[in-house]
Amino acid sequence: MNDAAPAATPAPAPRKRARVRAPELIGKGGWLNTGGTELILADLRGKCVVVDFWTFCCINCLHVLDELRELEEKHRDTVVVIGVHSPKFVHEAEHGAVVDAVERYGVEHPVLDDPELATWKQYAVRAWPTLVVIDPEGYVVAQHAGEGHVHAIERLVTELEAEHEAKGTLRRGDGPYVAPEPEPTVLRFPGKAIVLPSGTFLVSDTTRHQLVELAADGESVVRRIGSGRRGFADGSADAASFNEPQGLAPLPDGSVVVADTVNHALRRLDLATGEVTTLAGTGRQWMQADPVAGPAREVNLSSPWDVAHWNGEVWIAMAGVHQLWTYDPAEGTVRVAAGTTNEGLVDGPAAAAWFAQPSGLAATAERLWLADSETSALRWVALDGTVHTAVGTGLFDFGHRDGAAEQALLQHPLGVTALPDGSVAVSDTYNHALRRFDPATGEVTTLATDLREPSDAVLVGEDIVVVESARHRLTRLRLPEEAVKVASVAHRTQRASTEVAPGELRLDVVFQAPAGQKLDTRYGPSTRLLVSSTPPELLAAGEGAGTGLSRTLRLDPAVTEGVLHVSAMAASCDDAPENEYPACHVHQQDWGVPVRLVEGGADRLPLVLAGMDSDQPAR
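Heads up: the sequence shown is residues 21 to 639, going by my numbering.
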């Protein structure tokens, strides 16, 4: 028998990882959620810093905000999350709109308002959302584009904590977040509304995680449904809980279906009893390779934003995956009805159509109208399932311009309302306006301006009642006989075009499996790459789908500028041979990269899905 103490097992050496010095965080709009303190990176030394480049129009960015909540709570004394708000739309560059968005989405970490994309450019970011990890010594050690990466970041943070604790460079303690004072309003960033048979209004009080019934005056509270706390619980009006509910639609049985957006679920409200039950969804977000049809309570959904009852089914604006789904009340099933999950504007048969964050629905006998927010478009689905565009051209053009539909412009509309004469009213959210499209004439006009982020509207007799989300109220307007005259304004996204050389361009999607994981090749290739362009003539060669993450493109010199659309996916699993059922994760991101062809431009376009670009120069 050997009584000697066993030799201690040496701690594994820290993993060698690439590091570049983190650029300073600068933004003309200043800091939010810091109690007025201006932060610099030196203030964060000793902490693991996760920089979240986001913009509040982007559903994937909102998903990441929710993913980060658990990380922030678990590593509260070692991790500081910093949001860098980097606008796509002109409205998102307004400081007041950023202040509203931070409250609207419950952001509980410091946010830098960067309206001119200064920090975005310094970090060479190309997509919303992008997460950058900075170690306690101030070096960038990882970058991830898209959502679904927090599991990998949590592993990296755990490694960094141990490594810098041992080096004496980790600083524990509270971070710089300072909570703002709550505002005492009846509604707080309401989303959608419907008129009930009694003449009262039912409103989704989104930021307070409730439904509110208002009297016919649109102001007096009749009752509140939901506890007011984030959660996913069925039950009575007081006990049930929601998580940022949005769309509402009456059902033939007299109940109301609710798009419970952040719970990725459809809920049912019994108006007589106030009882809330779940119709569809599991509470988990749909990811690639999940079922796209089946029993409603067994299929994952992804940020349902609006609902409408049309032709016997509940149609769902599934903003999180750029699709339309349906729920069949008789069968209790859900299915994909239109869209490929690719983000963009493509018309045609339902299965081939592309959407970009559909967020508002309105049903008529012949058409299902939809507000396709990220393409700033008004679109519709015909009875035969084909998808059409009435107003809008794509992801990068927006503005406030009336006239013929083919040249008219909207800016990130969230709502659409069918009018008695066959036309539709559009809640043109980022233009703070109510617009009208008349299918009979093909003309777009402006009905009202000086609304603050209108997100929905409902008809009440000869009036239209608008949900003014950022004014926290319902506003009643008389439908004007004459359209309001406005100055025409057209915009393009603020992102600078990438200068590339005509001819051959090497596209490299950078993906490094997180620590402890490997690419999952058990059932075939674990990566996928889809490339297209606007205009299509920009790509002389290299478009289409494939399994490799690198590809040589050929750009037509005759096309001087355009947009490259790149969609990449990689699946990785835990690298543990003894584990028969390893946990697996899908990493996916869509990029729209504006490019300009110039002699002497870059001949390589790197897009970081996860990891660090090995060709990136050190700072």
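Beta carbons are placed, not taken as given, at the ideal position from N, Cα and C, and that holds for glycine.
Excluding the five sequence neighbours on either side, which residues of its own chain have a C-beta within less than 7 Å of the C-beta of residue i, listed in chain order?
| i | result |
| --- | --- |
| Glu-557 | Asp-576 and Val-579 |
| Pro-32 | Because Pro-32 carries a pLDDT of 43, less than 50, the predicted location of this residue cannot be relied on, and the following value inherits that uncertainty. If we look at Pro-32 and ignore the five residues flanking it on each side, it has no Cβ neighbours. |
| Leu-61 | Ala-42, Glu-44, Leu-45 and Gly-158 |
| Pro-522 | Leu-575, Pro-577 and Leu-617 |
| Ala-259 | Ser-247 and Ala-253 |
Kindly indicate which three-state DSSP category residue i falls into: helix, strand or coil?
| i | result |
| --- | --- |
| Gly-340 | helix |
| Tyr-450 | helix |
| His-607 | strand |
| His-408 | strand |
| Thr-465 | strand |
| Gln-305 | strand |
| Ile-173 | helix |
| His-492 | coil |
| Ala-638 | Residue placement at Ala-638 cannot be trusted, given a pLDDT of 42 that sits under 50; what the coordinates show is reported in the next sentence. Three-state result, Ala-638: coil. |
| Asp-535 | Reading the sequence as shown, one finds Ala at residue 535 and not Asp. Ala-535 falls in the coil class under three-state DSSP. |
| Ala-316 | helix |
| Ala-438 | strand |
| Pro-556 | helix |
| His-184 | helix |
| Ala-373 | coil |
| Leu-649 | Residue 649 falls outside the range modelled here, since the chain spans only 21 to 639, and no answer is possible. |
| Asp-326 | strand |
| Ala-641 | The question about residue 641 has no answer, for the chain in this structure spans 21 to 639. |
| Thr-205 | coil |
| Glu-167 | strand |
| Ser-475 | strand |
| Trp-140 | helix |
| Ser-443 | coil |
| Thr-178 | helix |
| Ser-393 | helix |
| Met-589 | strand |
| Trp-148 | coil |
| Thr-580 | coil |
| Ala-25 | The predicted model places Ala-25 with a pLDDT of 35, which falls under 50 and marks its position as unreliable, so this point remains unresolved. |
| Ile-154 | strand |
| His-511 | strand |
| Phe-416 | coil |
Excluding five sequence neighbours on each side, which residues of the same chain lie with their C-beta closer than 6 Å to the C-beta of residue i?
| i | result |
| --- | --- |
| Ser-552 | Glu-563 and His-585 |
| Glu-473 | Thr-449, Ser-489 and Ala-490 |
| Arg-496 | Asp-483 and Val-485 |
| Gly-55 | Val-198 |
Buried or exposed: which applies to residue i, given that a residue is buried once 16 or more other Cβ atoms fall within 10 Å of its Cβ?
| i | result |
| --- | --- |
| Gly-219 | exposed |
| Asn-331 | exposed |
| Gln-163 | buried |
| Pro-200 | exposed |
| Val-509 | exposed |
| Glu-87 | buried |
| Glu-203 | exposed |
| Ala-316 | buried |
| Arg-399 | buried |
| Glu-482 | exposed |
| Pro-534 | buried |
| Arg-249 | exposed |
| Gly-47 | buried |
| Asp-441 | exposed |
| His-408 | exposed |
| Leu-403 | exposed |
| Lys-187 | exposed |
| Gln-427 | exposed |
Taking Cβ positions only, does residue i come closer than 8 Å to chain B?
| i | result |
| --- | --- |
| Gly-380 | Any reference to chain B falls outside this structure, which holds one protein chain only. |
Confirm the yes/no value for this check: CB of residue i, any heavy atom of the ligand FAD, distance under 7 Å.
| i | result |
| --- | --- |
| Thr-302 | Absence of the ligand FAD from the depicted structure is noted, as is the absence of any ligand whatsoever, leaving it without description. |
Got a sec? Which residues, its chain only, sit under 8 Å from residue i by beta carbon, not counting five neighbours each side?
| i | result |
| --- | --- |
| Asn-53 | Val-122, Val-127, Glu-128, His-129, Pro-130, Val-131, Tyr-197, Val-198, Ala-199 and Pro-200 |
| Gly-423 | Glu-463, Val-464 and Ser-508 |
(message) Check whether the segment 247-263 and the segment 286-306 touch, using three or more Cβ-Cβ pairs below 8 Å as the test.
(response) Three or more Cβ pairs drawn from the segment 247-263 and the segment 286-306 lie within less than 8 Å of each other, which places the two stretches in contact.
(request) Evaluate contact between the segment 237-252 and the segment 150-168, counting only Cβ atoms and requiring at least three cross-stretch pairs below 8 Å. (result) These segments do not touch.
(request) Write down every uninterrupted run of the beta strand (DSSP E) in the segment 65-137 whose length is 3 residues or greater and which is fully enclosed by it, in chain order. (result) Complete beta strand (DSSP E) runs here, min 3: 68-74, 99-105 and 131-133.
(request) Flag this pair as touching only if the segment 409-424 and the segment 342-351 have three or more C-beta atom pairs under 8 Å; answer yes or no. (result) no
(message) Quick check: the segment 81-101 against the segment 181-196, are at least 3 beta-carbon pairs closer than 8 Å?
(response) yes
(message) Using 8 Å as the cut-off, can you tell me whether the segment 172-188 makes contact with the segment 109-117, which would need three or more C-beta pairs spanning the two stretches below that distance?
(response) no
(request) Taking 8 Å as the threshold, find out whether the segment 587-594 comes into contact with the segment 518-538 through three or more Cβ pairs. (result) yes
(message) Taking 8 Å as the cut-off, does the segment 464-481 touch the segment 435-455 (at least 3 CB pairs, one atom from each stretch)?
(response) yes
(request) Report yes or no: do the segment 318-336 and the segment 260-271 share at least 3 C-beta pairs separated by less than 8 Å? (result) Segments in contact, yes.
(request) Could you pull out every unbroken beta strand (DSSP E) segment of at least 3 residues lying fully inside the segment 223-299, listed in chain order? (result) 230-234, 241-245, 265-270, 276-280 and 285-289
(message) Contact between the segment 112-120 and the segment 139-150 is defined here as three or more beta-carbon pairs at a separation below 8 Å; is this criterion met?
(response) The answer is no - the segment 139-150 does not touch the segment 112-120, with fewer than three Cβ pairs under 8 Å.
(request) Take every Cβ of the segment 334-346, pair it with every Cβ of the segment 378-385, and state whether three or more of those distances are shorter than 8 Å. (result) In short, these stretches touch, since the Cβ pair count reaches three.
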